[in-house]
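A short write-up of the structure that comes next.
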Amino acid sequence: MADQPGSIDSTLALLESAGYVADRSLATVLFLALKLGRPLFLEGEAGVGKTEIAKVLSSALGRRLIRLQCYEGLDVASAVYEWNYAGQMMAIRLAEAGGAVDRNTLESDLFSERYLVKRPLLQALEPDTAGAPVLLIDELDRTDEAFEAFLLEVLSDFQVTIPELGTVKAEHPPIVIITSNRTREIHDALKRRCLYHWVDYPDAERELAILSSRVPQAPERLSQEIVAFVQAIRKEDLFKAPGVAETLDWASALVELDAVALDPALVSDTLGVLLKYQDDIQKMQGSRAKDMLDQVQNVLRAPA
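In case it helps, our numbering puts the sequence shown at residues 413 to 716.
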């Protein structure tokens, strides 16, 4: 288990040690979230590296990662806890078959931790010898407002109330990372409990550093052309611009094809790795991809 970083620079170094190339503004808000013990709310387009921050923190700090993947209809039973009803019914039948049953004793046993199924939020409040875990609440915007309201108790006091058992409070609050792709607005009451950061697409220099870190086997010229092309394509009127995740996937695919540089045919043939909507692919195929690639290569060939 590693100590938490003591400065913004050490936070940058911690992220870099686990392969995450962050800018200083992200390192600053992450350092403050760790220092103040506040949840960190990350918003941004899909594929810009929001989820990866929690994974990297878990790895770099040697903490357990507990992930709650959000979806429409997520409820307390799936996120916090539920009772093992099958086990409880079996216990009732065994007790009845055994003869005399003390109702109070049986009820106390049925609603004990023995039959409690702990889901991610409750797991995150449990003590851990490795230190407080990293709790990732991923894509919160997929849930509804009722679940947001429930989270307020968890994020305010790091506790949950189980009617049959009472209140479970974390001895050491987890490190909480919440992500949203902003498909809907998250309520202000929840945001106020967090520190906030918008994770944007990286500039060319940082994206090249990310690519060099994550796909080091890619030739230097190919990496430069990939980044320049992706930076250019994000300026187009697309339904969904490629994120960093797609940049890395495309680079890995091109390496598998033994590419050392981009050419129009290669770009057209592999656009399905970079773009995920047919309308976007059709818009970029053929002459448009060739023109954009020519511009990119001319800029890269130009003297600095």
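In this text, a Cβ means the ideal position worked out from N, Cα and C, and glycines have one as well.
Taking 8 Å as the cut-off, does the segment 621-629 touch the segment 495-506 (at least 3 CB pairs, one atom from each stretch)? With the cut-off at 8 Å, the segment 495-506 and the segment 621-629 do not touch.
How many angstroms separate the CA atom of residue 641 from the CA atom of residue 523? Distance between the alpha carbons of residue 641 and residue 523 is about 59 Å.
Let's see if you can read the secondary structure: which residues bound the alpha helix (DSSP H) around residue 462? Where residue 462 is concerned, the enclosing alpha helix (DSSP H) stretches over 462-473.
Residue span of the alpha helix (DSSP H) that contains residue 703, given as start and end: From DSSP, the alpha helix (DSSP H) with residue 703 extends over 699-713.
Paired residues, beta bridge with residue 550 - DSSP: Within the DSSP bridge table, the entry for residue 550 names 481 as partners.
Could you give the uninterrupted runs of the alpha helix (DSSP H) lying entirely in the segment 424-463, keeping only those of 4 residues or more? Correct list: 436-448.
Between the alpha carbons of residue 471 and residue 596, how many angstroms are there, rounded? Cα-Cα distance, rounded: 30 Å.
Residue closest to residue 463, alpha-carbon to alpha-carbon, out of 534, 688, 588 and 669: Ranking 534, 688, 588 and 669 by Cα distance to residue 463 puts 588 first.
Quick one: residues in its chain with C-beta nearer than 7 Å to the C-beta of residue 705, no 5 flanking neighbours on either side, listed in chain order? Annotation for residue 705: 641, 674, 676 and 679 place their beta carbon closer than 7 Å to its own, counting only its chain and skipping 5 residues before and after.
Measure the C-alpha to C-alpha separation of residue 646 and residue 450 and round it to an integer number of angstroms. Those two C-alpha atoms are separated by around 33 Å.
How is the beta strand (DSSP E) around residue 578 delimited, first residue to last? Unbroken beta strand (DSSP E) run through residue 578: 578-581.
Residue range of the unbroken alpha helix (DSSP H) whose run includes residue 595: From DSSP, residue 595 is part of no alpha helix (DSSP H); its letter is neither H nor E.
Classification of residue 609 by the beta-carbon crowding that lies within 10 angstroms, buried from 16 upward: For residue 609, the number of other beta carbons within 10 angstroms of its own is at least 16, and it is reported as buried.
Span of the beta strand (DSSP E) holding residue 573? Segment 571-574, the beta strand (DSSP E) holding residue 573.
Kindly list the residues whose CB is nearer than 7 Å to the CB of residue 664, restricted to its own chain and excluding five residues on each side of it in sequence; keep chain order. Contacts found: 627.
Between residue 617 and residue 452, what straight-line distance do the alpha-carbon atoms span, to the nearest angstrom? One Cα belongs to residue 617, the other to residue 452, and the distance between them is close to 26 Å.
Under the three-state DSSP convention, the category residue 656 falls into: Residue 656: helix per DSSP, three-state reduction.
Stretch-stretch touch, CB-based, cutoff 8 Å, three pairs: the segment 548-567 with the segment 504-519: Segments in contact, no.
Based on Cα-Cα distance, which residue from 461, 711, 422 and 510 lies nearest to residue 636? Of the listed residues, the one whose Cα sits closest to residue 636 is 711.
Sort 425, 466 and 448 by Cα distance to residue 479 and report the nearest one. Looking from the CA of residue 479, the closest CA among 425, 466 and 448 belongs to 466.
Anticipated Cβ contact below 8 Å, residue 666 with residue 634, distance rounded: Confirmed, about 6 Å.
Buried or exposed, going by whether 16 or more other CB atoms sit within 10 Å of the CB of residue 573? Within a 10 Å sphere around the beta-carbon of residue 573 sit fewer than 16 other beta-carbons, which makes this residue exposed.
Put residue 497 into one of helix, strand or coil per three-state DSSP. Note: residue 497 maps to helix in three-state DSSP.
Nearest to residue 605 by CA position, among 565, 632, 583 and 577, is which residue? The shortest CA-to-CA distance from residue 605 to any of 565, 632, 583 and 577 is the one to 565.
Does the Cβ of residue 651 have 16 or more other Cβ atoms within 10 Å, making it buried, or fewer, making it exposed? The residue in question, residue 651, is exposed, as its Cβ has fewer than 16 Cβ neighbours within 10 Å.
What number of angstroms, rounded off, separates the C-alpha of residue 639 from the C-alpha of residue 440? Each residue's Cα considered, the two are about 26 Å apart.
Cβ pair residue 430, residue 655 closer than 7 Å: Contact: no.
Between the beta-carbon of residue 549 and the beta-carbon of residue 598, is there less than 7 Å? Cβ atoms of residue 549 and residue 598: not closer than 7 Å.
Under 7 Å between C-beta atoms of residue 585 and residue 570: Yes, the pair counts as a contact, with Cβ atoms nearer than the cut-off.
Among 461, 435 and 473, which has the Cα closest to the Cα of residue 542? Ranking 461, 435 and 473 by Cα distance to residue 542 puts 473 first.
State the beta-bridge partners of residue 587 as determined by DSSP. In DSSP, residue 587 forms a bridge with 546.
Three-state secondary structure assigned by DSSP to residue 611: Of the three classes helix, strand and coil, the one that applies to residue 611 here is coil, per DSSP.
Proximity of residue 546 and residue 669 at Cβ, strictly below 7 Å: In this structure, residue 669 does not lie closer than 7 Å to residue 546 by Cβ.
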